[in-house]
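Undergrad:
There are 4 protein chains.
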Amino acid sequence: MSAVGHNSGDILPSDAQNMLKSYVERIERLNEEKAEIAEQAKEVFSEAKGNGFDTKVLRKLISIRKMDRAKWKEEQAVLDLYAHAMGLDLF
Amino acid sequence: MSAVGHNSGDILPSDAQNMLKSYVERIERLNEEKAEIAEQAKEVFSEAKGNGFDTKVLRKLISIRKMDRAKWKEEQAVLDLYAHAMGLDLF
Amino acid sequence: MSAVGHNSGDILPSDAQNMLKSYVERIERLNEEKAEIAEQAKEVFSEAKGNGFDTKVLRKLISIRKMDRAKWKEEQAVLDLYAHAMGLDLF
Amino acid sequence: MSAVGHNSGDILPSDAQNMLKSYVERIERLNEEKAEIAEQAKEVFSEAKGNGFDTKVLRKLISIRKMDRAKWKEEQAVLDLYAHAMGLDLF
DNA sequence: TACATTTAGTGTCGAC
DNA sequence: GTCGACACTAAATGTA
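Chains A, B, C and D, in that order, give the protein sequences.
Using numbering that gives the first Met the number 0, the first residue of the first sequence is number 0, and each one after it goes up by one.
Using numbering that gives the first Met the number 0, the first residue of the second sequence is number 0, and each one after it goes up by one.
Using numbering that gives the first Met the number 0, the first residue of the third sequence is number 0, and each one after it goes up by one.
Using numbering that gives the first Met the number 0, the first residue of the fourth sequence is number 0, and each one after it goes up by one.
#1: With the cut-off set at 8 Å, would you say L70 of chain B and M85 of chain C are in Cβ contact?
#2: How is I10 of chain C classed by DSSP in three states: helix, strand or coil?
#3: For T54 of chain C and I61 of chain C, I'd like the C-alpha separation in whole angstroms.
#4: Please state whether DSSP places N17 of chain A in a helix, a strand or coil.
#5: With DSSP as the reference, label E30 of chain C as helix, strand or coil.
#6: Taking buried to mean at least 16 other C-beta atoms within 10 Å of its own C-beta, is Q16 of chain B buried or exposed?
#7: Hey, would you say V77 of chain D sits closer than 8 Å to V56 of chain A, going by beta carbons?
#8: When you check each C-beta in the segment 61–89 of chain C against every C-beta of chain A, which residues fall closer than 7 Å?
#9: Which residue marks the beginning of the alpha helix (DSSP H) containing M66 of chain C, and which one marks its end?
#10: What's the C-alpha gap between Q39 of chain B and Q75 of chain B?
#11: Taking the alpha-carbon positions, what's the E24 of chain B to Y81 of chain D distance?
#12: Just how far apart, CA to CA, sit I118 of chain A and E35 of chain A?
#13: For chain C, find out if any of its Cβ atoms is closer than 8 Å to the Cβ of I91 of chain D; answer yes or no.
#14: Nearest chain C C-beta to K55 of chain D closer than 8 Å, yes or no?
#15: Does any C-beta atom of chain B lie closer than 8 Å to the C-beta of Q16 of chain A?
#16: Quick check on the burial criterion: 16 or more other C-beta atoms within 10 angstroms. Buried or exposed for L19 of chain B?
#17: Less than 7 Å between C-beta atoms, sequence neighbours within five positions excluded: which residues of the same chain meet that for L49 of chain B?
#18: Using only the alpha-carbon positions, how far apart do R68 of chain D and S21 of chain D sit?
#19: Can the beta-carbon of E73 of chain B be found less than 8 Å from the beta-carbon of K59 of chain C?
#20: Closer than 9 Å by beta-carbon distance: list the chain A residues that pair up with K59 of chain D, in chain order.
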């Protein structure tokens with residue numbers, strides 16, 4: 000489907016044009032906010048690192064908490080299976 | 000280095016444990032905020048779509064604008080680098 | 000879905016095991032090739048540096064050129080998208 | 000240091016300019032080769048997936064093989080430590 | 001060593 | 001519901 004009743008001059012009517020600008024700006028503003036938050040998170044990791052924590056492990060921990068526990072265990076099991084098939088013993 | 004003086008009992012001292020919890024919670028809170036913002040962006044796209052805009056085009060537009068900005072910054076940076084490489088020191 | 004009919008003995012059938020090994024080896028071979036190429040690139044940078052060029056500037060240059068190409072492709076893509084959105088079908 | 004004896008017109012002598020072009024082209028060629036190889040790796044993963052393998056686990060397996068075994072076990076231990084501190088039981 | 005950049009990997013979204 | 005593309009996150013590398 001094409002935009003808001005622009006009929007065929009291949010030019011957007013000015014109201015559609017305004018809407019478009021508005022959408023773009025709103026999205027871009029939200030993207031900036033996300034970037035700011037990402038920046039703050041970075042600072043928290045940095046502080047944690049400064050206090051002797053291993054940030055890589057910290058990240059992994061957080062991702063595990065976010066993820067379904069059952070899924071995690073299943074993934075570990077498959078990994079274990081593959082590892083045995085390759086002759087690697089992990090744990 | 001390992002964390003806050005836990006040397007090898009394989010147990011975190013309670014203050015380290017508290018710090019850990021605090022870091023995890025702060026990060027998780029920031030992650031939630033990001034998710035909320037992402038949700039809002041989704042709504043904007045949805046609204047745009049409802050008004051007849053092609054969201055794929057919209058996304059491309061936004062990504063090009065972002066690229067433009069990034070490219071502009073890169074160009075400034077390379078200028079600056081050249082200047083340094085030449086031994087002058089603009090700005 | 001799980002792998003090639005290993006249903007639950009938690010052991011991979013020997014043909015699946017062979018496939019697994021084969022995939023792993025192929026990927027690892029490709030990774031080695033990439034590493035070799037990366038090594039060659041490193042040598043080029045090193046040679047450039049030896050001839051008085053600033054490698055950081057060189058890298059920036061290359062990244063800008065890459066960006067230019069990417070941007071050009073994006074712009075073609077967005078043109079194409081607009082065309083579709085307008086119901087015409089160029090190319 | 001600045002480039003190949005260009006003394007002060009802020010213009011690169013033509014031989015330096017030629018070298019520069021040559022370096023840029025060599026690097027770009029190597030980058031293309033890397034991209035081709037990455038493409039091939041993608042195809043292998045795709046084929047593996049088609050035969051029922053879990054590509055995510057496959058990737059993890061390959062990364063573990065690449066990595067020092069001792070390091071892997073250490074990382075798991077730290078993760079376990081942090082997880083306990085957070086009241087999560089992983090394995 | 002710590003920082004910044006680049007590259008790989010993972011998750012999400014929309015199309016078919 | 002699966003597939004492919006896109007965006008975001010995380011790891012690795014290279015530099016100062």
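No residue lacks a Cβ here, since even glycine has one placed at the ideal position from N, Cα and C.
TA: Looking at the atomic coordinates:
#1: Note that residue 70 of chain B is Lys in the sequence shown, not Leu. Going by C-beta atoms, K70 of chain B is not nearer than 8 Å to M85 of chain C.
#2: In this structure, I10 of chain C counts as coil in the three-state DSSP scheme.
#3: The alpha-carbon of T54 of chain C is positioned some 10 Å away from that of I61 of chain C.
#4: Secondary structure at N17 of chain A: helix, using DSSP grouped into helix, strand and coil.
#5: First, the amino acid is wrong: residue 30 of chain C is Asn here, not Glu. In this structure, N30 of chain C counts as helix in the three-state DSSP scheme.
#6: Using a 10 angstroms sphere on the CB of Q16 of chain B, the tally of other CB atoms reaches 16 or more, which defines it as buried.
#7: Taking the C-beta atoms as reference points, V56 of chain A is found nearer than 8 Å to V77 of chain D.
#8: Residues A84, M85, G86.
#9: Segment 54–84, the alpha helix (DSSP H) holding M66 of chain C.
#10: The C-alpha of Q39 of chain B lies about 33 Å from the C-alpha of Q75 of chain B.
#11: Using only the alpha carbons, I get a separation of about 14 Å.
#12: The structure shown does not extend to residue 118 of chain A, since chain A is modelled only from 0 to 90, so the question has no answer here.
#13: This structure does not reach residue 91 of chain D, given that chain D is present from 0 up to 90, and the question cannot be answered.
#14: In terms of beta-carbon proximity, K55 of chain D stays away from the interface with chain C, with every pair separated by 8 Å or more.
#15: Not an interface residue.
#16: Of the residues assessed, L19 of chain B falls on the buried side of the cut-off, its CB having 16 or more other CB atoms within 10 angstroms.
#17: A quick correction: the sequence has Gly, not Leu, at residue 49 of chain B. A distance below 7 Å between beta-carbons, with the five flanking residues on each side excluded, links G49 of chain B to no residue of its chain.
#18: A straight-line Cα-Cα distance of about 42 Å links R68 of chain D and S21 of chain D.
#19: Result yes, Cβ atoms of E73 of chain B and K59 of chain C sit closer than 8 Å.
#20: Chain-order list of chain A residues neighbouring K59 of chain D: E74, L78, Y81, by C-beta distance under 9 Å.
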